[in-house]
Amino acid sequence: AQKVTQAQTEISVVEKEDVTLDCVYETRDTTYYLFWYKQPPSGELVFLIRRNSFDEQNEISGRYSWNFQKSTSSFNFTITASQVVDSAVYFCALSGDSGAGSYQLTFGKGTKLSVIP
Amino acid sequence: DVKVTQSSRYLVKRTGEKVFLECVQDMDHENMFWYRQDPGLGLRLIYFSYDVKMKEKGDIPEGYSVSREKKERFSLILESASTNQTSMYLCASSLVDEQYFGPGTRLTVT
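Which chain is which? The protein sequence lines are A and B, in order.
In terms of this note's numbering, the first sequence opens at residue 1 and continues consecutively.
In terms of this note's numbering, the second sequence opens at residue 118 and continues consecutively.
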């Protein structure tokens with residue numbers, strides 16, 4: 001069975017600080033995909049990134065960066081110079097290649113980030 | 118842009134009522150999903166569908182049913198609403214594994 005653990009339930013940072021959200025996953029699949037979603041107070045989950053298991057290159061998109069380490073089964077998300085608009089719940093998710101069920105996502109329980117002005 | 122819409126943002130129903138939550142997507146996606154989100158529990162999959170008239174149980178299907186008569190529409194049905202079904206309900210659709218979510222329906226059962 002697949003599992004995603006986001007050990008940080010809530011994090012508070014002061015604006016302009018950097019913050020890293022941790023994600024650890026478990027899977028027996030050799031091919032899988034990892035995701036991050038953002039859920040602002042409005043409620044709608046917004047897709048941020050998709051990464052496949054064969055691509056361990058780190059990715060940067062503006063103030064966002066992602067560190068995928070297969071050796072530690074982690075896919076961490078860093079926000080540089082945080083802003084109040086980054087306040088949201090962030091979910092890490094995992095999908096596999098297990099036939100008919102492969103399009104299901106297994107979500108972590110989320111990390112609530114509060115950025116204080 | 119992918120658009121997933123849900124029929125209501127907020128809904129209040131009484132215990133025992135039959136409740137319909139509607140979800141529509143406009144991107145011709147094959148896959149559609151219903152989740153509920155509760156504090157401390159994250160997103161839990163109720164039902165999903167890979168095609169018209171096809172449905173599969175997720176992790177917590179008890180007390181729910183679904184209907185997919187058209188590709189773009191996926192309905193979640195609470196046959197007899199109970200207070201423990203008070204929750205945020207999220208619908209999603211996907212072509213492969215990247216899911217796109219609707220704005221959610223916050224359902225309160227009194």
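Don't be surprised by glycine CBs; every beta carbon is placed ideally from N, CA and C.
Computed from a prediction, not measured in an experiment: that's the story for all the values here.
- In the same chain as K3/A, and ignoring 5 residues on each side of it, the C-beta atoms closer than 6 Å to its own belong to E26, in chain order.
- In the three-state DSSP reduction, K70/A falls in the helix class (H, G or I).
- Leaving aside the five residues that flank N67/A on each side, the residues in its chain whose CB is nearer than 6 Å to its CB run, in chain order, N58 and N76.
- With respect to chain A, the C-beta atom of Q202/B has no partner C-beta closer than 7 Å.
- Interface annotation for the segment 45 to 61 of chain A against chain B: L45, F47 and R50, criterion Cβ-Cβ distance under 7 Å.
- Here L162/B is not near Y206/B, since their CB atoms are 7 Å or more apart.
- Between the alpha carbons of A93/A and A1/A lies a distance of about 14 Å.
- Residue range T111 to I116 is occupied by the beta strand (DSSP E) that includes V115/A.
- The beta-carbon distance between Y33/A and S95/A, rounded to whole angstroms, is 5 Å. This is short enough to meet the 8 Å contact definition.
- Between the alpha carbons of T203/B and R223/B lies a distance of about 8 Å.
- The three-state secondary structure of D86/A, taken from DSSP, is helix.
- Here Q69/A is exposed: its Cβ has fewer than 16 other Cβ atoms, across all protein chains shown, within 10 Å.
- Identification of chain A residues near P220/B by a Cβ-Cβ cut-off of 8 Å yields S42, G43 and E44, ordered along the chain.
- If you look at E186/B, you'll find it in the beta strand (DSSP E) that goes Y181 to K187.
- Its chain contains Y164, S166, V183 and R185 as the residues whose beta carbon lies nearer than 7 Å to that of K172/B, once the 5 sequence neighbours on both sides are disregarded; these appear in chain order.
- Between V19/A and I79/A, the C-beta spacing is below 7 Å.
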